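Mind the numbering: the sequence shown is residues 0 to 261 in numbering that gives the first Met the number 0, read in order. Beta carbons: idealized from backbone N, C-alpha and C, even for Gly. Since the model is a prediction, treat every value here as computed from it, not as a measurement. Structure first, commentary second.
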Amino acid sequence: MVRMLSCWTGWRFPTADDKDAEGEDVVPDPLHEEFTHLRQIYFESDPDYSARFTVPVLYDKKQKRIVNNESSEILRMLGTAFDEQLDEKYRNVVLYPTDLQKQIDEANEWHYDLINNGVYKSGFATTQEAYERNVHALFGALDKAEAHLASGEGPYYFGKQLTETDVRLFVTIIRFDPVYVQHFKCNIKDIRSGYPHLHSWMRNLYWNHPAFKDTTNFLHIRNHYTRSHKQINPFSITPVGPLPDILPLDEEVPALKQAGKL
């Protein structure tokens, strides 16, 4: 994992000289001990590279080149290409099952445009009109996702089958309350008090599936956004809440508890 702060030089790897701890997952690049920045890997693959230095990166250590840097495509690749590297129990996990592919593709399309990318279109808007247009579209999409989960049998987005749609939507919803509500002004509602089915769906993935919990670093999430976007937060002040970062499965916010008693 790269360091939490992204500046004009791009994503940076931690070094032995770094004094500030960012979590046990933030470690130097094990294949390039001399590399300090992700861009060096891009230039290793292509000395004439001139586009953005983005994460994630799927890297071929034998060929010493980047294979792919598009998260949706990497997700599909990892779902099928490396079964021989996995324990038997994980080889049977199919995130893009044939019978759900049409529904998955349709959901992924509007999720990405209106939710995954919608938080960025709202947060980086430079006019009031653009902000309001995008933030209302975002919450309309969240309402639609909430209605879908409310009408389904769960616990996953498509019922009993865990799919790549769960993975893709989770990465935005888990960041929503800690970051997007405040930092990107996506504050019409929050997840924990405004979307009970999305909230339960997210917590089920986090608490019952170690792969989701183990790859979520709330310190990294908060500090990356609030300290990297100087045009939004020039003094790099990181809000303390909401606390806790995520509620236990059997706990709700006090307002919802009270409403349930009325």
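Quick check on residue i: does DSSP put it in helix, strand or coil?
i    : result
I65  : strand
Y58  : strand
D249 : coil
S44  : helix
T214 : coil
G240 : coil
S49  : coil
P29  : coil
H228 : coil
Y205 : helix
K88  : helix
N186 : coil
P233 : coil
M3   : Annotation note: pLDDT 47 at M3 (below 50); position unreliable, no value reported.
Looking at the strands, I want to know which residues DSSP matches up with residue i.
i    : result
Y266 : Residue 266 lies beyond the range of the chain shown here (0 to 261); nothing can be said about it.
R11  : H36
Compute the beta-carbon to beta-carbon distance between residue i and residue j, rounded to the nearest angstrom, for a pair I have assumed lies under 8 Å.
i    : j    : result
D112 : P177 : Wrong, their Cβ atoms sit about 23 Å apart, outside the cutoff.
L74  : T162 : Not a contact, Cβ separation roughly 10 Å.
W109 : A136 : Not a contact, Cβ separation roughly 10 Å.
P241 : N203 : Not really, about 19 Å apart at Cβ, beyond 8 Å.
R174 : I220 : 6 Å
F34  : Y41  : Going by Cβ atoms, the distance from F34 to Y41 rounds to 11 Å, so no, they are not a contact pair.
W206 : L248 : 5 Å
L263 : H196 : Residue 263 falls outside the range modelled here, since the chain spans only 0 to 261, and no answer is possible.
T14  : P27  : 6 Å
Between residue i and the rest of its own chain, which residues show a CB-CB distance below 6 Å, the 5 nearest in sequence each way excluded?
i    : result
Y156 : T164 and D165
S70  : P55
S274 : Outside the displayed span of the chain (0 to 261) sits residue 274, for which this structure offers no information.
P253 : none
I103 : T162 and T164
V118 : Y179, F183 and C185
Apart from the five residues on each side of it in sequence, which residues of its chain come closer than 8 Å, Cβ to Cβ, to residue i?
i    : result
Q39  : H31
N115 : R167, L168, V170 and T171
T225 : V178, H182, N232, S235, I236, T237 and P238
K229 : S235
K188 : F138, L141 and Y194
L37  : V1, G9, W10, R11, F12, F52, V54 and V56
Y130 : S121, A124 and K184
E87  : none
Which same chain residues, not among the five before or five after residue i, have their C-beta less than 7 Å away from its C-beta?
i    : result
G262 : It is not possible to answer for residue 262, since the shown part of the chain is limited to 0 through 261.
V180 : N186 and D189
E251 : none
L99  : F157, Q160 and T162
N107 : T164 and R167
L77  : none
R90  : D82
A60  : In the sequence as displayed, the identity of residue 60 is Lys instead of Ala. These residues qualify, in order along the chain: L30.
Chain D beta carbons: is any one of them nearer than 8 Å to that of residue i?
i    : result
K143 : In the displayed structure, chain D is absent; only one protein chain is listed.
* Asked: Counting only runs that start and end within the region 94-182, where is the alpha helix (DSSP H) found for 4 or more residues in a row?
  -> Those alpha helix (DSSP H) runs which fall completely within the region 94-182 and span 4+ residues are 100-110, 117-122, 127-150 and 163-174.
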